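For reference, the structure discussed in these notes is given below.
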Amino acid sequence: MPSVASSPSVSVVILGTRRRELERCLEALEAARPPRPREVFVVLNGAREISLGDLLGWRARLPLEVIAMLAATLGRARNAAVRLSRGDVLVFLDDDATVPEGFFAAL
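With the first letter of the sequence shown counted as 1, position 11 gets the number 17 in this note's numbering; the numbers rise by one all the way through.
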């Protein structure tokens with residue numbers, strides 16, 4: 007548990023199925039003002055539009071981890087990321103979501 011003086015660390019979990027929407031979501035996370043997420047998990051749940059190669063470039067820009075699952079339910083996909091996350095707070099986003107300025111500070 008973080009102390010009152012420190013900010014909690016944030017893990018973001020995104021279920022990715024559509025490439026264009028996922029890129030917009032990742033761009034919004036990259037543009038977010040500090041504090042930034044400790045880690046960002048993209049769960050590819052049988053996505054055909056998105057390849058691992060599409061996401062490799064993002065690893066230099068965000069603390070990104072990719073979890074590939076075939077034919078998993080939404081719950082199983084999210085639980086896979088939960089087991090790996092190290093943040094104090096988990097934020098679940100769909101690939102078509104963007105975070106507004108100040109989102110992480112407001113947490």
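Ideal Cβ placement from N, Cα and C applies to all residues, glycine included. Small disclaimer: the values here were computed from a predicted structure and weren't measured.
Query	Result
Three-way DSSP call (helix, strand, coil) for Asp100 in this model	strand
Helix, strand or coil at Glu29 according to DSSP, with G and I counted as helix	helix
Inter-residue Cα distance where the pair is Arg42 and Leu21	19 Å
DSSP three-state assignment for Leu68, whether helix, strand or coil	coil
Sub-8 Å separation of Val46 and Leu70 beta-carbons	yes
Residues near Thr104 in its chain [Cβ-Cβ closer than 7 Å; skip 5 each side]	Arg30, Cys31, Ala34
For Phe47: DSSP bridge partner residues	Val19, Glu71
Bridge partners - Val119, DSSP secondary structure assignment	The shown model of the chain, from 7 to 113, leaves out residue 119, and the question about it has no answer.
CB contact below 8 Å: Leu68 versus chain C	The structure shown has no chain C; it contains just one protein chain.
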